[in-house]
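Numbering (this note's numbering), first residue to last: 12 to 509.
Just below is one structure, and these are the notes that go with it.
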Amino acid sequence: MSNIDTHYNFESPYFAAIDLGSNSFHMIIVRIHEAKIEVIDREKEMIQIANGIHSEGHLTDEAFDKAIACLQRFSERLRDIPIKQIRAVGTKTLRSVKNANAFLKKAEKALGSSIQIVSGFEEARLVYTGFSHSVNHDHNQRLVIDIGGGSTEFIVGVDYDPHLLESLTLGCVIFTKQFFTPQVNMALAMKRAYIRACGELESIRKPYLAKGWQTAHGTSGTIKAIAELLSNEHGDAKITREALNTLYKTVADAQALPNNSLSQQRINVLPAGIAILKAIFDQLELDAIFASTASLKEGLIYDTIGRFSNHDSRESTISKLQEQYNVDTTHADNVAEQSQSLWEKVDRLPIQGVSRTRMLRWAAKVHEIGLNISHSGYHNHAYYILKHSDLAGFGRYEQYILSSLVRAHRKKISAKSFDGMDEITKSAFIPVLACLRIAVVLNRRRDKIEHLTHINASENAISLTFESGWLQKQPLTYSSLQQEIFYLSQVGFDLKIK
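Here it is, written out as structure tokens:
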């Protein structure tokens with residue numbers, strides 16, 4: 012892994028990343044020493060949770076228990092690593108199964124760390140981040156492909172910067188389950204998988220070919236396994252079109268893979284992977300692809316290290332949103348500063364999985380992104396934008412909290428503001444929301460409030476003291492604060508003004 016370019020203040024030199032993939036669960040542990048990142052431990056188990064989904068869309072008990080047992084084993088290596096230096100993410104299968112929340116509760120307890128479900132866009136970004144830190148940069152455009160158990164990511168980028176990011180429902184585990192049944196022979200199963208993959212690729216074929224690239228790289232276990240099967244001809248780093256076509260025909264005709272040292276679990280899903288890769292070669296007109304050793308888990312490591320510095324990808328995302336939606340950044344900064352001043356006074360316990368301090372600041376910075384769509388309902392438009400956009404660096408839970416804060420920052424606080432929240436999350440959410448709402452009211456004139464002399468706060472109450480007579484001279488602000496007292500009281504928060 013590459014070096015880091017500066018010195019950070021870490022609690023420990025050790026970092027860990029866990030990738031709960033649809034095919035395999037991966038864990039990597041690294042140590043930072045003299046600005047170098049050294050891999051000190053790796054672990055992989057082919058859990059194949061994508062194969063454990065029954066017809067109603069839930070994880071089966073067998074898949075559920077197998078995954079939890081794996082995470083319990085992983086947890087042993089995480090015990091001495093600070094929780095902030097551990098990142099765990101779930102991908103395609105956990106994005107789609109109906110009992111994902113129930114699984115996450117048990118999984119987080121087993122692992123001893125929070126787990127984020129990431130979007131396909133974010134999965135692709137993390138794959139490229141890991142890859143881009145593992146290779147030398149020549150300023151050429153390159154295509155990076157990661158064939159997983161439930162999805163395949165496609166990225167075109169230059170050096171550290173991705174330009175196109177897509178995630179398609181192409182996976183060796185789900186295709187094996189769908190097409191490679193005992194009633195269907197290998198040749199027909201591979202043909203059907205190939206045709207389906209070609210159909211999925213139609214959605215990205217034209218824009219990707221128009222963008223172009225100089226080299227293509229594969230980062231997944233599937234691509235590395237195919238390269239291993241072809242190693243006698245081309246070494247273990249390169250797959251050519253000719254060699255892949257030959258392998259495809261050989262497997263289809265022989266009804267089995269050539270002799271190899273792969274695990275049985277990998278052997279079971281590799282014919283589907285070969286069909287998917289052949290479709291990619293044909294649709295994207297590839298001549299060759301190079302197998303890479305770095306992928307999402309390495310991307311998680313670098314992304315986590317960046318969060319301890321000014322390289323947090325989420326900060327860049329917030330700035331881009333402000334620019335895209337013409338946000339008044341001076342006003343947004345004033346609201347952010349005011350809300351942070353209030354929040355610092357609140358007596359609260361930390362919660363696992365999200366930094367409410369950061370969420371509050373980011374919500375303040377983008378609370379007006381819907382303003383150029385509609386003034387009266389801009390908070391609802393902002394909610395929709397934040398909930399449904401691809402936000403680089405943000406997990407689904409973080410995106411949910413951010414969008415919910417922004418939606419509820421003004422007007423009556425409706426019950427839908429807490430949709431999907433359990434009581435613990437709701438009780439943690441309300442004081443953050445109160446700080447944002449109060450800051451928005453205090454900055455309604457779009458200039459700094461200099462007449463607030465004292466803030467006293469507890470977990471569910473804030474008392475504000477203003478200069479004598481000031482509120483009476485500001486009847487609109489005074490009236491808005493009185494209204495806010497009522498709104499917040501409806502959700503159990505006590506606001507007092509003097």
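Cβ coordinates follow ideal geometry from the N, Cα and C atoms, glycine included.
All values reported here derive from a predicted model rather than from experimental measurement.
Could you give the uninterrupted runs of the alpha helix (DSSP H) lying entirely in the segment 433-471, keeping only those of 4 residues or more? 434-453
Within 10 angstroms of its Cβ, does Ile206 collect 16 or more other Cβ (buried), or is it exposed? On the sequence shown, position 195 is the one that residue 206 refers to. Exposed, by the Cβ-count rule.
Pairing CB atoms from the segment 69-86 with CB atoms from the segment 41-53, are three or more of them under 8 Å? no
Hey, quick one: how far does the alpha helix (DSSP H) through His228 stretch, first residue to last? The sequence position of residue 228 within the sequence shown is 217, counting from 1. From DSSP, His228 is part of no alpha helix (DSSP H) but of the beta strand (DSSP E) over 226-229.
For Gln96, the three-state DSSP class (helix, strand or coil): On the sequence shown, position 85 is the one that residue 96 refers to. If DSSP states are grouped into helix, strand and coil, Gln96 belongs with the helices.
Buried or exposed (CB count within 10 angstroms, at least 16 for buried), Asn147: Position 136 of the sequence shown, counted from the first residue, corresponds to residue 147. It is exposed - the Cβ of Asn147 has fewer than 16 other Cβ atoms within 10 Å.
Rounded to whole angstroms, what is the Cα-Cα separation between Gly161 and Arg456? For the purposes of this step, residue 161 is taken as residue 150 along the sequence shown, with counting starting at 1. For the purposes of this step, residue 456 is taken as residue 445 along the sequence shown, with counting starting at 1. Cα to Cα, Gly161 sits roughly 51 Å from Arg456.
Proximal residues to Ala305 (C-beta, below 6 Å), its chain only, five neighbours per side dropped: In the sequence shown, counting from the first residue as 1, residue 305 sits at position 294. Residues Gly141, Phe142, Ser145 of the same chain have their beta carbon placed closer than 6 Å to that of Ala305, with the five preceding and five following residues left out of the count.
So is Tyr139 buried or exposed if we call it buried at 16+ other beta carbons inside 10 Å? Start at 1 with the first residue of the sequence shown, and residue 139 comes out as number 128. Result: buried.
Between Leu220 and Leu297, is the Cβ-Cβ spacing less than 8 Å? Taking the first residue of the sequence shown as position 1, residue 220 is located at position 209. Taking the first residue of the sequence shown as position 1, residue 297 is located at position 286. Their beta carbons are not under 8 Å apart, which means Leu220 does not touch Leu297 by this criterion.
Please report the distance separating the alpha-carbon of Arg216 from that of Arg252. In the sequence shown, the residue the question calls residue 216 occupies position 205. In the sequence shown, the residue the question calls residue 252 occupies position 241. One C-alpha to the other measures close to 18 Å.
Does the separation of the CB atoms of Val187 and Val280 fall below 8 Å? As a first step, residue 187 must be located in the sequence shown, where it is residue number 176. As a first step, residue 280 must be located in the sequence shown, where it is residue number 269. First, the amino acid is wrong: residue 187 is Thr here, not Val. Against a cut-off of 8 Å, the Cβ pair of Val280 and Thr187 comes out as a contact.
Which residues bound the beta strand (DSSP E) around Val167? For this step, residue 167 is matched to residue 156 along the sequence shown. Start and end: 163-169.
Alpha carbon of Phe21 to alpha carbon of Ile92, nearest angstrom: Taking the first residue of the sequence shown as 1, we reach residue 21 at position 10. Taking the first residue of the sequence shown as 1, we reach residue 92 at position 81. Those two C-alpha atoms are separated by around 11 Å.
Just the C-alpha distance for Val169 and His322, rounded to the nearest angstrom, thanks. By one-based count along the sequence shown, residue 169 stands at place 158. By one-based count along the sequence shown, residue 322 stands at place 311. Their backbone Cα atoms lie some 18 Å apart in a straight line.
Given 8 Å, three or more beta-carbon pairs between the segment 60-70 and the segment 185-200: yes
Can you name the residues that DSSP bridges to Gln127? Mapped onto the sequence shown, residue 127 falls at position 116. Answer is Val100, bridged to Gln127.
Based on the DSSP output, what are the partners of Leu176 in its beta bridges? The residue labelled residue 176 in the question sits at position 165 within the sequence shown. Partner(s): Ile166.
How should Gly310 be labelled, buried or exposed, when 16 other C-beta atoms within 10 angstroms of its C-beta is the threshold for buried? In the sequence shown, residue 310 corresponds to position 299, counting from 1. With a 10 Å radius around the Cβ and a threshold of 16 neighbouring Cβ atoms, Gly310 comes out buried.
8 Å Cβ cutoff met for Ser397 and Val377: Here residue 397 refers to the residue found at position 386 when the sequence shown is read from its first residue. Here residue 377 refers to the residue found at position 366 when the sequence shown is read from its first residue. The question names Ser, but residue 397 is Leu in the sequence shown. Contact: yes.
Rounded to whole angstroms, what's the CA-CA distance from Arg203 to Ala267? Just pull it up for me. Here residue 203 is taken as the residue at index 192 of the sequence shown, counted from 1. Here residue 267 is taken as the residue at index 256 of the sequence shown, counted from 1. Their backbone Cα atoms lie some 16 Å apart in a straight line.
Below 7 Å CB to CB, which residues in the same chain sit around Pro269 once its five sequence neighbours on both sides are set aside? By 1-based counting over the sequence shown, the position of residue 269 is 258. Taken in chain order, the residues that qualify are Leu240, Thr261.
Tell me, which residues are paired with Gln152 by DSSP? As a working note, residue 152 is residue 141 in the sequence shown. Beta-bridge pairing links Gln152 to Val169.
Residue range of the unbroken alpha helix (DSSP H) whose run includes Val204: Locating residue 204 in the sequence shown gives position 193, where the first residue counts as 1. Contrary to the premise, residue 204 reads as Ala rather than Val in this sequence. Per DSSP, Ala204 belongs to the alpha helix (DSSP H) from 197-222.
Note down the Cα distance separating Ser178 from Gly404, rounded to an integer number of angstroms. As a first step, residue 178 is located in the sequence shown; it is residue number 167 there, counting from the start. As a first step, residue 404 is located in the sequence shown; it is residue number 393 there, counting from the start. Cα to Cα, the separation comes out at about 16 Å.
Going by C-alpha distance, which of Ala375, Leu288, Ile287, Ala472 is nearest Asp358? For the purposes of this step, residue 358 is taken as residue 347 along the sequence shown, with counting starting at 1. Measuring from the Cα of Asp358, the nearest candidate turns out to be Ala472.
Excluding the 5 residues flanking His245 on each side, which residues of the same chain have their C-beta closer than 7 Å to its C-beta? For this step, residue 245 is matched to residue 234 along the sequence shown. Low per-residue confidence applies at His245: pLDDT is 49, beneath 50, and the placement is therefore not dependable enough to give any value.
Please classify Ile512: does DSSP put it in a helix, a strand, or coil? With the chain covering 12 to 509 only, the question about residue 512 has no answer from this structure.
Coil, strand or helix - Tyr336 by DSSP: As a working mapping, residue 336 is identified with position 325 in the sequence shown. Coil.
Output yes or no for whether 8 Å exceeds the beta carbon distance between Asn34 and Cys183. The residue you call residue 34 lines up with position 23 of the sequence shown. The residue you call residue 183 lines up with position 172 of the sequence shown. Against a cut-off of 8 Å, the Cβ pair of Cys183 and Asn34 comes out as a contact.
Contact set for Tyr394: own chain, Cβ-Cβ below 7 Å, skip 5 residues either direction: Walking along the sequence shown from the start, residue 394 turns up at place 383. Correct list, in chain order: Ser414, Val417, Arg418.
Can you check which of these residues, Pro24, Leu463, Ala227, Asn337, is closest to Ile97 by C-alpha distance? As a first step, residue 97 must be located in the sequence shown, where it is residue number 86. Nearest C-alpha to Ile97: Pro24.
Would you report the Cα separation of Gln351 and Glu461, rounded to the nearest angstrom? If you number the sequence shown from 1, residue 351 lands on position 340. If you number the sequence shown from 1, residue 461 lands on position 450. Straight-line spacing of the CA atoms in Gln351 and Glu461 works out to 15 Å.
Verify whether the separation of the beta carbon atoms of Ile424 and Gln501 is less than 8 Å. By one-based count along the sequence shown, residue 424 stands at place 413. By one-based count along the sequence shown, residue 501 stands at place 490. Yes, they are a contact pair.
Sorted by chain position, which residues of the same chain lie with C-beta nearer than 7 Å to Lys77's C-beta, five sequence neighbours on each side aside? Within the sequence shown, residue 77 is the residue found at index 66, counting from 1. Ile58, listed in sequence order.
Alpha carbon to alpha carbon, how far is Leu487 from Ile384? Looking up residue 487 in the sequence shown gives position 476. Looking up residue 384 in the sequence shown gives position 373. Computed Cα separation, rounded: 25 Å.
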